[in-house]
Every structure is written in C-alpha cells, then in structure tokens.
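For reference, the structure is listed below as structure tokens.
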DNA sequence: AATCCAGTGTACCAATCAGTACAATGGATT
DNA sequence: AATCCATTGTACTGATTGGTACACTGGATT
C-alpha cells in the first residue's frame, strides 16, 4: 500500500487554503485533517504548537512569496514595469477576486490580535515598496505614499466587495480603476 | 436584588458588538454569555435557532439602520447634501476605523455562504443608493455606478487596512481621498 | 543486516462546544 | 389575591474542540 510522505513545505500551502476558506476559528483540527489528508500525528509533528503554529507558518509563507514576487521588484526593477507587473501578479494571485487575502481576513476579526505584527508588517511593506517605486518614477514623496496607500487599500476593498457580491467583474473593474488612479 | 430584564431589541446591538470583535466562529455561546451578561435561557428564548439566528438578527438590524440613515437619504434628499452626510455618518458609525464592518468581515470567511443573500444585498443596496444620488446630481448613469462602486469598495478597504495597521489616521486619509474622488 | 529517524495513524484526554429541559422569578392583568 | 407569561438561571446532554502519547512504518545510513 502506497504511503504518502510529506514535508513541512508541502503542507503550508494546503493549510493556507484551509484558513483562507474557513478563517482561523473556522478551521478546526478535524477540518484541517479532512482537507489536507494529514493525520494529527503529522500535523503536530510539523507544527508542534498546533493551529497557532500553522497560521504563523502560513503568514510567513505568504510574506516571503509577496516579498519575492511583488515587493522586491517594486524596490529594484524599473518602476513603471514593476507596477504593471504588480497588477498582473496580484490579479492572478487573488484569482480575479475568487480568492481572498488571508492577511486581510485575519485583520478583520479577533485573529488580528494574535498575529498583529505579521499582519501590520505585510501591509506596511507593501505600501513602502509601492511608494518607493512611485518615488523612483518621479513622484513627490508625500504624494507617492498617499497613492500607494490608496492602491493597497483599494485592493483589499475590491476583494471584500467582489466576494460579498460573488462577482469577479467587480474585482476586475476595481483593479483597472486603481491602476489608472496610480498612473495619474 | 435587582433583576435585569431585556427584550430582543436590547440584545441585538450587544450581539453585533460580540460578532464584530470575535467573528462568527470566534463567538461561542460561552463568550456571548460573558460579554452580554445574558444566560443561555435568555439567549435561546430570544433566538430559538441559536447562533445562526442571532447573526441573522444582527445583519437585519444593521441593514435597517443603514437603510434609514444612509440609503434612504441618498435616494431622497438633495444628492450633494446626502453624500456629504454619508461620509459623516459612515465615519462616525465605523468610529474612524476603530470599528469593523461586520458585513464585510462575514464576506471574507466561510460565514459568507451562510448569509450570502444578506451580505450581497447590503452592499448592492448601498451601491444602488449612492449611484442614484450621483445620477440625480447630474452624473452619467454608467459613470455614477462605477464611482459608487469605487466609494463603497474603498470604504471596506480602508477598514481592512486601518485595522491591520491599527491606525485610524489611515482610515481618515482614505475617507477624504474617496470623498474627493466622488466629487470630481 | 542492523540502526536510525522523519513521518504517520490511532487511541485517548480534559475542556469546551451548541443545544435542551425545566423550575424559578416577578411584573402585569384579571 | 390569583393567574398569567415573558424572561431568567442552572443543571444537564452528547458531540466536538485542541492537544498528548505512543506504537508503527519504511526509506536512508551505517
């Protein structure tokens, strides 16, 4: 009989999807087991501190992904190119509004207090990186920060609204609107 | 010894605050008891179907409140006046970013499926009402709808971001930005 | 072939979960 | 004064919660 053997890195993305769908409190160990196929033995082997450990790992994973795919390019690549790439990458990552931002979802309920530093850091670094790109493209420093904040905030709003209305067109419209706002 | 006697209408706002802070799954009956002071007897007396019943009542309550305080004025009052009032009312209601939108929070996790109609209806009516006011103020119908969507979406994003950064200034800045966008 | 050890499955625990049952309270109605 | 009934407190249930303990598997190392 075949035996599936995972390592920690394989488990984190599955956990991310579970937390995304069910939220932190909604994701019980039983449901995590159901959706990942991993038994308690494996789960506590990889994440000795249980659920909190899992969520922290997921947040760290999301963080490094965005750092590499979005934030670093914004800081290093030609600004116009990096910003264009950001819109594409983000739209794909959130599957056009069909996939929720876990960090944003955590921010809204009591889970925030538990992961306050990770949650704040994620958004702060996003705004910083985007602001940096805008400054490098010749924008005034103060205006750049305001515009970056508007974009990041707008993406989160678009996710909430498109998910609430269960309509990806809403998300698509918001993204083109925000991209245009950022160009002016 | 004094005995506190509530009626259903007194309980709903307390429940709203509990769900707001803890989320739907985070709000256990024990915690609801703690924070409201009501025993299980009272809670199941008012809400025979338990938590789901409570959340539905809270959503309905929020809905009627917004209908009266925000949506109806947008449809009936002089548009510029009504829109100005909307920004004031909303800022006060969300306590400058310190208070979360329960409907938005529900939209992000698995709770949405349970209350999909109420959640979608809330945002749809908000967009419709604001769009109506913009049309009445002379805006083109298509542009009005787009602008209304941007505003409602933007408010939700501002709530997520200001809560994530734990900074009300972020919310305040977003509100003035959105109000200006709506005027152009 | 013997050992090792990362990864697994299962049985188990106390605490908490949502929900039920029902007797007690006490203001209002008659 | 007797009755009524909305509201409340408490004791209880069975299911589920997060978490622990531990024996087992099987590929890799020696």
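Protein chains in written order, with my numbering: chain A, 0 to 183; chain B, 0 to 183. Ideal Cβ placement from N, Cα and C applies to all residues, glycine included.
Contact criterion: CB-CB distance below 8 Å. Does residue i meet it with respect to chain A?
{"i": "residue 133 of chain B", "result": "no"}
{"i": "residue 139 of chain B", "result": "no"}
{"i": "residue 58 of chain B", "result": "no"}
{"i": "residue 129 of chain B", "result": "no"}
{"i": "residue 3 of chain B", "result": "no"}
{"i": "residue 103 of chain B", "result": "yes"}
{"i": "residue 0 of chain B", "result": "Note that residue 0 of chain B scores 44 on pLDDT, short of 50, meaning its location in the model is unreliable and no value can be drawn from it."}
Output yes if chain B places a C-beta closer than 8 Å to the C-beta of residue i; else output no.
{"i": "residue 122 of chain A", "result": "yes"}
{"i": "residue 11 of chain A", "result": "no"}
{"i": "residue 98 of chain A", "result": "no"}
{"i": "residue 142 of chain A", "result": "no"}
{"i": "residue 115 of chain A", "result": "yes"}
Which residues in chain A have a C-beta closer than 7 Å to the C-beta of residue i? List them in chain order.
{"i": "residue 136 of chain B", "result": "Going along chain A, no residue has its Cβ under 7 Å from residue 136 of chain B, so there is no contact; the nearest lies around 20 Å."}
{"i": "residue 25 of chain B", "result": "24, 108 and 109"}
Give the residues of chain A in contact with residue i, contact being defined as C-beta atoms less than 8 Å apart.
{"i": "residue 152 of chain B", "result": "153, 156, 157, 159, 160, 169 and 173"}
{"i": "residue 118 of chain B", "result": "163"}
{"i": "residue 148 of chain B", "result": "160, 169, 172 and 173"}
Do you know how far the Cα of residue j is from the Cα of residue i?
{"i": "residue 141 of chain B", "j": "residue 149 of chain A", "result": "23 Å"}
{"i": "residue 86 of chain A", "j": "residue 48 of chain B", "result": "44 Å"}
{"i": "residue 130 of chain B", "j": "residue 143 of chain A", "result": "29 Å"}
{"i": "residue 52 of chain B", "j": "residue 102 of chain A", "result": "28 Å"}
{"i": "residue 105 of chain B", "j": "residue 6 of chain A", "result": "33 Å"}
{"i": "residue 46 of chain A", "j": "residue 175 of chain B", "result": "44 Å"}
{"i": "residue 44 of chain A", "j": "residue 155 of chain B", "result": "39 Å"}
{"i": "residue 160 of chain A", "j": "residue 56 of chain B", "result": "22 Å"}
{"i": "residue 118 of chain B", "j": "residue 59 of chain A", "result": "31 Å"}
{"i": "residue 26 of chain B", "j": "residue 100 of chain B", "result": "16 Å"}
{"i": "residue 21 of chain B", "j": "residue 109 of chain A", "result": "5 Å"}
{"i": "residue 167 of chain B", "j": "residue 123 of chain A", "result": "14 Å"}
{"i": "residue 107 of chain B", "j": "residue 163 of chain A", "result": "8 Å"}
{"i": "residue 29 of chain B", "j": "residue 65 of chain B", "result": "30 Å"}
{"i": "residue 191 of chain A", "j": "residue 157 of chain A", "result": "The displayed coordinates of chain A run from 0 to 183. Any statement about residue 191 of chain A would go beyond what the structure contains."}
{"i": "residue 39 of chain B", "j": "residue 16 of chain B", "result": "18 Å"}
{"i": "residue 165 of chain B", "j": "residue 95 of chain B", "result": "11 Å"}
Under 7 Å between beta-carbons, which chain B residues line up against residue i? List them in chain order, please.
{"i": "residue 21 of chain A", "result": "108 and 109"}
{"i": "residue 55 of chain A", "result": "Per Cβ cutoff of 7 Å: no residues; residue 55 of chain A is ~16 Å from chain B at best."}
Name, please, each residue of chain B whose Cβ falls closer than 9 Å to the Cβ of residue i.
{"i": "residue 145 of chain A", "result": "172 and 176"}
Check whether the Cβ of residue i sits closer than 7 Å to any heavy atom of the ligand PLP, and report yes or no.
{"i": "residue 115 of chain B", "result": "In terms of ligand content, the structure shown is empty, and the ligand PLP therefore cannot be addressed."}
Entirely within the segment 14-87 of chain A and at least 4 residues each: give me those alpha helix (DSSP H) ranges in chain order.
-> 28-35, 39-45, 50-65 and 71-75
Note down, one range per segment and in chain order, each alpha helix (DSSP H) of at least 4 residues found wholly within the segment 104-166 of chain B. 110-113, 115-135 and 140-164
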